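Each residue of the sequence shown is one higher than the one before, starting from 481 at the first, in this note's numbering.
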Amino acid sequence: MYNRDNPPKFPIHDTHLKKSLKHCVIALAVSLTSGAMLYMLHNIPRKMAYRNFYADYDPQSSFKRMAEGGYLQSVVVDTSFTGKKED
């Protein structure tokens, strides 16, 4: 029988809500996973590469190499520069 105060629920009534919540949960999981994968596969190796490069980086020798190569046009090339002050 049909009761006006408490109508029967149709099986299709909650399916849209369930499917929408399911898609939201999947989208959240995919976005969190992709962010974590980007961090682990791109950012961490990049940080390690920078750390390894600057561990033994000598800015004076790089400056001297660029000046001798002609990359720094406003710098006078002085090949006798050793990086030490003369008193």
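Cβ atoms here follow ideal geometry from the backbone N, Cα and C, with glycine treated the same way. Predicted model only: the values in this text are computed from it and were never measured.
- Rounded to whole angstroms, Lys-499 and Ile-506 show a C-alpha spacing of 10 Å.
- Taking the CA atoms as reference points, Ala-547 sits about 17 Å from Tyr-537.
- In this chain, the alpha helix (DSSP H) harbouring Ile-506 covers 495 to 518.
- Exclusion of the five residues before and after Leu-552 leaves Met-546 as the residues of its chain whose Cβ lies within less than 7 Å of its Cβ.
- The C-alpha of Lys-527 lies about 52 Å from the C-alpha of Ile-492.
- Going by DSSP, Gln-553 is part of no alpha helix (DSSP H) at all; its letter is neither H nor E.
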